[in-house]
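Participant: Protein chains in written order, with our numbering: chain A, 1 to 10; chain B, 1001 to 1212.
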Amino acid sequence: ADESVSHDEL
Amino acid sequence: MNIFRLTGDLSHLAAIIILLLKIWKSRSCAGISGKSQVLFALVFTTRYLDLLTSFISLYNTTMKVIYIGCSYATVYLIYMKLKATYDGNHDTFRVEFLIVPVGGLAFLVNHDFSPLEILWTFSIYLESVAILPQLFMISKTGEAETITTHYLFFLGLYRALYLINWIWRFYFEGFFDMIAIVAGVVQTILYCDFFYLYVTKVLKGKKLSLPA
């Protein structure tokens, strides 16, 4: 899995 | 965090609170699409599962909890406490026509083929069309209460501000998320017709009513 996917927005 | 995103989030919060207060104070959910509200509750639930896996900031966590809490409170008022005032006869949009294609698309086009990421993508796609049952209901009855139009205005404003936020982030941070941007553009376009009516009618003190 790509750990770099992060969602900091709402 | 930039000013467009902050005001976008606050505008989103304003929309959610306006709707909840309108229903609570008037003890009525007439003219409100319960289906849209269930879709929004589903959107927040599937998107904010990362509350359980990662911490971004106190602001981020607080807003997520408020959004989820308010959306479930709204659904509770519509379908349980104030069920007698719910106008189900006019809330006839077939939500399976949204959920099924959106679910399929989330499986096909995502950043990462993992359960959490697919659910996040599903929530992004679903949010872009979740307002359709509400807009459909207004087109069916031909009118909306002014307070309902304020709710829709803030919801649309939030999307428009997020678009500016993404342009800002692209230029100043080199950040862009194609899935969020495309879905956000679609979502904003859906509000354009409504924005036109809001500016030409509601802001001039007239009730929003559509020609028969």
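By construction, the Cβ of each residue, glycine as well, lies at the ideal position given by its N, Cα and C atoms.
Tell me the DSSP secondary structure of A/GLU9 in three-state form.
Facilitator: Along the first sequence, read from residue 1 onward, the residue named residue 9 of chain A stands at position 9. Three-state DSSP puts A/GLU9 in coil, outside helix and strand.
Participant: Whose C-alpha, out of B/ASP1087, B/LYS1140, B/LEU1058, is nearest the C-alpha of A/ASP8?
Facilitator: Here the question's residue 8 of chain A lines up with position 8 in the first sequence. Per the Cα distances, B/LEU1058.
Participant: For the candidate residues B/THR1053, B/SER1026, B/PHE1044, whose alpha-carbon lies nearest to that of B/LEU1013?
Facilitator: Sequence index remark: in the second sequence, residue 1013 of chain B carries index 13 (1-based). Out of B/THR1053, B/SER1026, B/PHE1044, B/PHE1044 has the C-alpha closest to the C-alpha of B/LEU1013.
Participant: Quick check on DSSP: helix, strand or coil for A/ALA1?
Facilitator: The count along the first sequence starts at 1 and reaches residue 1 of chain A at position 1. Its pLDDT being 42, under 50, A/ALA1 is placed unreliably in this model, and the value from its coordinates should be taken loosely. Three-state DSSP puts A/ALA1 in coil, outside helix and strand.
Participant: Taking only beta-carbon positions, decide if B/LEU1063 is within less than 7 Å of chain A.
Facilitator: Here residue 1063 of chain B is taken as the residue at index 63 of the second sequence, counted from 1. The sequence shown places Met at residue 1063 of chain B, not Leu. Yes, its Cβ sits closer than 7 Å to a Cβ of chain A.
Participant: Go through the stretch 1016-1054 of chain B residue by residue and report every complete run of the alpha helix (DSSP H) that reaches 4 residues or more, in order.
Facilitator: 1034-1047
Participant: Express the C-alpha separation of B/THR1085 and B/SER1028 in angstroms, rounding to a whole number.
Facilitator: As a first step, residue 1028 of chain B is located in the second sequence; it is residue number 28 there, counting from the start. As a first step, residue 1085 of chain B is located in the second sequence; it is residue number 85 there, counting from the start. Computed Cα separation, rounded: 5 Å.
Participant: Within a Cβ cutoff of 7 Å, which residues of the same chain sit near A/ALA1, ignoring the five residues on either side of it in sequence?
Facilitator: Counting from one through the first sequence, the residue named residue 1 of chain A turns up at place 1. With a pLDDT of only 42 at A/ALA1, under the threshold of 50, the placement of this residue in the model should not be trusted; the figure read from the coordinates follows. Closer than 7 Å at Cβ, skipping near neighbours: no residue.
Participant: Is the Cβ of B/ASP1091 closer than 7 Å to any Cβ of chain A?
Facilitator: Along the second sequence, read from residue 1 onward, the residue named residue 1091 of chain B stands at position 91. Cβ-Cβ to chain A under 7 Å: no for B/ASP1091.
Participant: Does DSSP put B/GLU1143 in a helix, in a strand, or in coil?
Facilitator: Position 143 of the second sequence, counted from the first residue, corresponds to residue 1143 of chain B. In this structure, B/GLU1143 counts as strand in the three-state DSSP scheme.
Participant: Quick one: does B/HIS1150 have its CB under 7 Å from some CB of chain A?
Facilitator: For the purposes of this step, residue 1150 of chain B is identified with residue 150 of the second sequence, where counting begins at 1. Chain A contact via Cβ: absent.
Participant: Sorted by chain position, which residues of the same chain lie with C-beta nearer than 8 Å to B/ILE1018's C-beta, five sequence neighbours on each side aside?
Facilitator: For the purposes of this step, residue 1018 of chain B is taken as the residue at position 18 of the second sequence. Excluding residues within five positions, the ones whose Cβ falls inside 8 Å are ILE1147, HIS1150, TYR1151, PHE1154.
Participant: Please state whether DSSP places B/LEU1210 in a helix, a strand or coil.
Facilitator: Locating residue 1210 of chain B in the second sequence gives position 210, where the first residue counts as 1. Note: B/LEU1210 maps to coil in three-state DSSP.
Participant: I need the DSSP call for B/ALA1130, collapsed to helix, strand or coil.
Facilitator: Residue 1130 of chain B sits at position 130 when you count from the first residue of the second sequence. In the structure shown, B/ALA1130 sits in coil (DSSP, three-state: anything other than H, G, I, E or B).
Participant: Secondary structure at B/SER1057, three-state DSSP: helix, strand or coil?
Facilitator: On the second sequence, position 57 is the one that residue 1057 of chain B refers to. Coil, per DSSP.
Participant: When the cut-off is 7 Å and only beta carbons count, does B/GLU1117 lie next to chain A?
Facilitator: The residue you call residue 1117 of chain B lines up with position 117 of the second sequence. Judged by the 7 Å Cβ criterion, B/GLU1117 is in contact with chain A.
Participant: Mind reading off the beta-carbon distance from B/MET1063 to A/LEU10? Whole number of angstroms is fine, and I expect it under 8 Å.
Facilitator: As a working note, residue 1063 of chain B is residue 63 in the second sequence. As a working note, residue 10 of chain A is residue 10 in the first sequence. Confirmed, Cβ separation roughly 5 Å.
Participant: Does any residue of chain A bring its CB to less than 7 Å from the CB of B/ILE1068?
Facilitator: Here residue 1068 of chain B refers to the residue found at position 68 of the second sequence. No, B/ILE1068 does not count as interfacial toward chain A.
Participant: By how many angstroms is the C-alpha of B/SER1114 removed from the C-alpha of B/ALA1183?
Facilitator: Here residue 1183 of chain B corresponds to residue number 183 of the second sequence, with the count starting at 1. Here residue 1114 of chain B corresponds to residue number 114 of the second sequence, with the count starting at 1. Roughly 20 Å separates the two Cα atoms.
Participant: Reducing DSSP to helix, strand and coil, say where B/MET1001 ends up.
Facilitator: As a first step, residue 1001 of chain B must be located in the second sequence, where it is residue number 1. Note: B/MET1001 maps to coil in three-state DSSP.
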